[in-house]
Amino acid sequence: MTTRTLAVPGARITYDVTGSGPVLLLIPGGPADATGFAPIRPLLAEDHTVVTFDPRGISRSPLDGEPGDHTLREHADDVHRLLAEIGDGPAEVFANSGGAITMLNHVVRHPGQVRTVVLHEPPVTRYLGPGVLDGPDIPAIYREHGIGAAIGAFAKMSGFDITPPTDPSPEELARMKVMEGNFAYFFGHLMAAIGAYDPDLDALRAVTTRLVVGVGEKAVGLPAHEAGLGLAADLGLTAEPFPGNHGGFLAEPAAFAVRLREVLEGR
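Under the numbering used here, the first residue of the sequence shown carries the number 1, and numbering increases by one thereafter.
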């Protein structure tokens, strides 16, 4: 695996490339970074050139200054520049959670660059349900009460397990420190931008990119799962089931890799 850096307006994007074959870009969501794909990456690299990266403001991809005013557009344009740098024609993309929101923006702004995008549990606000829409203002909780309170409120609202290890090793402590910075960027800037995103359904129906909406088989009833079902229905698609929950690629990488190949091949 090789690690490289790409300078983009306002940030430096660190990305990793491994394997050979058609390009498959994996995009994490929210405060997550490329390490979430570590278990599945070598499995997919058997027949793909797998590209993973840390989005701007996350982990190894620092901002050059203050975050811009058009956060989602910047993230979508970063993907465009990264794929252009890698080259080799239209790519396949798997995007999880907030990364899927980035790709919903990207396929409209940059038509033809992606052949197929798998949008795994995109948390589109209009489909999240009353538990989220009527829930607490988590960025405000972060500003007023700090990161611990915001993480707790986010975990309760989303249904995600964000429990830290009870007796962390030095490596886990270092990782927790990185994630604290990632959550600060997420709560302080990115979460509000994701929440404000409202899809242009007509524009999405018109794109040449093949859109696939995925949902976790073990995430039934959770907000992001329900959002995936809602978006798929409004696009006239059937949501494709994937192993595990919101992060099935991390918990069940072997089964997830098999399913992702099936979906990319149209099976």
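Think of the CB as a built atom: it goes at the ideal place given N, C-alpha and C, for glycine as much as any other residue.
None of the values given here were measured: they were computed from a predicted structure.
CA nearest to the CA of Gly236, picked from Gly266, Thr208, Pro122 and Leu201: For Gly236, the closest of Gly266, Thr208, Pro122 and Leu201 by C-alpha to C-alpha distance is Leu201.
Taking 8 Å as the threshold, find out whether the region 169 to 183 comes into contact with the region 28 to 35 through three or more Cβ pairs. In short, these stretches touch, since the Cβ pair count reaches three.
Beta-carbon contacts of Met1 that lie in its chain and below 6 Å, excluding the five residues immediately before and after: Excluding five sequence positions before and after Met1, the CB atoms of its chain that fall closer than 6 Å to its own CB belong to Asp16 and Thr18, given in chain order.
Measuring only the C-alpha atoms, how far is Arg41 from Val50? Between Arg41 and Val50, the C-alpha separation is close to 7 Å.
Helix, strand or coil, according to DSSP, for Val207 in the structure here? In this structure, Val207 counts as coil in the three-state DSSP scheme.
Straight-line Cα distance separating Val107 from Leu264: Straight-line spacing of the CA atoms in Leu264 and Val107 works out to 17 Å.
Assumed close pair Gly159, Leu222 - CB separation to whole angstroms, cut-off 8 Å: Confirmed, about 4 Å.
How many Å lie between His189 and Glu46 at the Cα? Per the coordinates, the alpha-carbon of His189 lies some 36 Å from the alpha-carbon of Glu46.
Just mark Glu226 as buried or exposed, buried being the case when its beta carbon has 16 or more other beta carbons within 10 Å. Label assigned to Glu226: buried.
Helix or strand or just coil, what does DSSP make of Ala255? Three-state result, Ala255: helix.
Just to confirm my understanding: we take Pro243, look at its own chain, exclude 5 residues before and 5 after, and list those with CB closer than 7 Å. What are they? Cβ contact annotation for Pro243 (same chain, cutoff 7 Å, sequence separation greater than five): Glu217, Glu252, Ala255, Phe256 and Arg259, in chain order.
DSSP three-state label for Phe187, please. DSSP places Phe187 in helix when its eight states are reduced to three.
Skipping 5 residues on each side, what residues in its chain have a beta carbon closer than 6 Å to that of Ile138? Non-local beta-carbon contacts of Ile138 in its own chain, meaning distances under 6 Å to residues more than five positions away in sequence, involve Ala150, Ala153 and Phe154 in chain order.
Under a Cβ-count criterion, where at least 16 other Cβ atoms within 10 Å of its own Cβ denotes burial, should Ile162 be classed as buried or exposed? Classification for Ile162: exposed.
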